[in-house]
Amino acid sequence: TKSYSITLLPGDGIGPEVVSVAKDALSLAGSIEGIDFRFQEAPMGGAALDLVGVPLPDETLTSARNSDAVLLGAIGGYKWDKNEKHLKPETGLLQLRKGLKVFANLRPAIVLPQLVHSSTLKKEVAEGVDIMVVRELTGGIYFGKPRGFGTNENGDDIGFNTEVYSTSEIDRIARVAFDIARKRNGKLCSVDKANVLEASMLWRRRVSDIASEFPNVELSHMYVDNAAMQLVRNPKQFDTIVTNNIFGDILSDEASMITGSIGMLPSASLGELGPGLFEPIHGSAPDIAGQDNANPLATILSAAMMLRYGLGEENAAKRIEDAVLKTLSKGFRTGDIFSPGMVLVGCKRMGEEVLKSIESQNLIA
Ligand code: NAD
Ligand code: IPM
Ligand code: MN
85 TKSYSITLLP GDGIGPEVVS VAKDALSLAG SIEGIDFRFQ EAPMGGAALD LVGVPLPDET
145 LTSARNSDAV LLGAIGGYKW DKNEKHLKPE TGLLQLRKGL KVFANLRPAI VLPQLVHSST
205 LKKEVAEGVD IMVVRELTGG IYFGKPRGFG TNENGDDIGF NTEVYSTSEI DRIARVAFDI
265 ARKRNGKLCS VDKANVLEAS MLWRRRVSDI ASEFPNVELS HMYVDNAAMQ LVRNPKQFDT
325 IVTNNIFGDI LSDEASMITG SIGMLPSASL GELGPGLFEP IHGSAPDIAG QDNANPLATI
385 LSAAMMLRYG LGEENAAKRI EDAVLKTLSK GFRTGDIFSP GMVLVGCKRM GEEVLKSIES
445 QNLIA
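Following this line, the structure appears as structure tokens:
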């Protein structure tokens, strides 16, 4: 049997609830495929702040680096919102992404046939949407310098950040995006604000240059404000989207809602070498934490992305994805995707139903 070491970072809020369910799905799909997982759990975010006083302990980063892949729940919560920047859970997450050098964040937004009615968009608009958002994850305004607090010439307090991209940062994310677009429908839309921002002007120029390496991909450019509008006007015009760190953050939350809920969207964060980081795009949802109401499917589907993109275990990935579809076909819904006539379940029960779907698959196979 093959064996992989996986670092689990449950984090805060609903994080531990959804990770525990996803871990079980991984174990079961793995055991059927002859894959053995060794899980190490490590503290991260608010949980780590409470335990050892920093949001990303060295031991946690080391464990993540030394594993084959990392599965994260979510971090953050009211308790730590007023912390100084270096003591925020969110800072730990940025340090983790930077520490693992995972610059390419893939966020697929797919409207599943079972969930067309959970979308807030009309059926004919939402049906069949299948978008891959490729978000640059270790650059841009999240990391640019200078940044900080200060005082301006009028004596006013100021806070400032810098949107900065280098050619090498743009080139490598563009190549990842073109390659993904090539394997999909061959359409790539680069989203920027090149009418205003220098960082976007360079972005547009370099993405256009890289296009010559991918003659079979049709490249288009769109300003981010228009893209936000087009995503709800006619999302089916998009196949693969490539964009910077902050626009990708915002547009992927928007795209998630087309699919029915942010509780459905997984992600994979990949670098050139080393383990990938896999996490749902949603946060710690403090408003529903501890109530067993969270939708675990985004995290379960992130585990499937881990199998596919992180470990190259396509069969096990398919098992999990098929089981999710089957569970939805049986009518099970958490609150966020509930519609009349369906069976309302909590996080744990949804997890159990996915396990049952994986098991029944095994009987057929
Ligand atoms: P959020 O994604 O946590 O929640 C937004 C809304 O979506 C809430 O109403 C929540 O209940 C709902 N929701 C989110 N995930 C859900 C799920 N799986 N099932 C059902 N409903 C779900 O965003 P927020 O409220 O803006 O942020 C809360 C905290 O999470 C903040 O501290 C923020 O910094 C952090 N955050 C962390 C991550 C991450 O760890 N990657 C991502 C986003 C936000
Ligand atoms: C996400 C989150 C994070 C981000 C925050 C919590 C730092 O919103 O993963 O989408 O902005 O990247
Ligand atoms: Mn976000």
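Sequential numbering from 85 applies to the sequence shown in the UniProt record's numbering. Each residue gets a CB set at the ideal place from its N, CA and C atoms; glycine is no exception.
#1: Is residue 368 closer than 9 Å to residue 157 when the C-beta atoms are compared?
#2: Can you check which of these residues, 346, 401, 179, 327, is closest to residue 190 by C-alpha distance?
#3: Looking at the structure shown, is residue 235 part of a helix, part of a strand, or coil, going by DSSP?
#4: How would you label residue 434, buried or exposed, when you count the other beta carbons within 10 angstroms and need 16 or more for buried?
#5: Between residue 345 and the rest of its own chain, which residues show a CB-CB distance below 7 Å, the 5 nearest in sequence each way excluded?
#6: Helix, strand or coil for residue 298, going by three-state DSSP, please let me know.
#7: Compute the beta-carbon to beta-carbon distance between residue 329 and residue 226, rounded to the nearest angstrom, for a pair I have assumed lies under 8 Å.
#8: When you measure from the CB of residue 377 to every non-hydrogen atom of ligand 1, does any distance come out below 8 Å?
#9: Would you mind giving the Cβ-Cβ distance between residue 154 and residue 383, rounded to the nearest angstrom? I have them listed as a contact below 8 Å.
#10: Alpha carbon to alpha carbon, what distance is there between residue 210 and residue 199?
#11: What residue ranges within the stretch 90-155 form continuous beta strand (DSSP E) runs of no fewer than 3 residues, ordered along the chain?
#12: Going by C-alpha to C-alpha distance, which of 219, 222, 243 sits closest to residue 230?
#13: For residue 340 versus residue 372, is the C-beta spacing smaller than 9 Å?
#14: When DSSP builds the beta bridges, which residues end up paired with residue 191?
#15: Out of 176, 401, 321, which one is the CA nearest neighbour of residue 137?
#16: What does a CB cutoff of less than 6 Å around residue 168 pick up in its chain, not counting 5 residues either side in sequence?
#17: Reducing DSSP to helix, strand and coil, say where residue 212 ends up.
#18: With hydrogens ignored, establish whether the beta-carbon of residue 361 is closer than 8 Å to any heavy atom of ligand 2.
#19: Note down the Cα distance separating residue 309 from residue 301, rounded to an integer number of angstroms.
#20: With a 10 Å radius around its C-beta and 16 neighbouring C-beta atoms as the bar for buried, classify residue 280 as buried or exposed.
#21: I believe residue 151 touches residue 89 by the beta-carbon criterion, under 8 Å. Please report the beta-carbon distance rounded to the nearest angstrom.
#22: Rounded to a whole number of angstroms, what is the C-alpha to C-alpha distance between residue 352 and residue 92?
#23: According to DSSP, is residue 422 part of a helix, a strand, or is it coil?
#24: Tell me, to the nearest whole angstrom, how far the beta carbon of residue 431 is from that of residue 418; I am working on the premise that it is less than 8 Å.
#25: Among 257, 314, 265, 357, whose alpha-carbon lies nearest the alpha-carbon of residue 149?
#26: Compare the C-beta of residue 170 against all C-beta atoms of chain D and say whether one is closer than 9 Å.
#27: Measure the alpha-carbon distance for residue 323 versus residue 295 and round it to whole angstroms.
The short version:
#1: Cβ atoms of residue 157 and residue 368: closer than 9 Å.
#2: 327
#3: strand
#4: Residue 434 should be labelled buried.
#5: 202, 379, 420, 421
#6: DSSP, read as helix, strand or coil, puts residue 298 in coil.
#7: In this structure, residue 329 and residue 226 form a Cβ contact; the two beta carbons are roughly 5 Å apart against a cut-off of 8 Å.
#8: yes
#9: Residue 154 to residue 383, Cβ: 13 Å. No contact.
#10: 10 Å
#11: 119-125
#12: Comparing alpha-carbon positions, the option among 219, 222, 243 lying closest to residue 230 turns out to be 243.
#13: no
#14: For residue 191, which the question treats as bridged, DSSP gives the partners 217.
#15: 176
#16: none
#17: coil
#18: no
#19: 24 Å
#20: Here residue 280 is exposed, its C-beta having fewer than 16 other C-beta atoms within 10 Å.
#21: 4 Å
#22: Here the C-alpha atom of residue 352 lies approximately 14 Å from the C-alpha atom of residue 92.
#23: coil
#24: 7 Å
#25: 357
#26: Absence of chain D from the displayed structure is noted, only one protein chain being present.
#27: 16 Å
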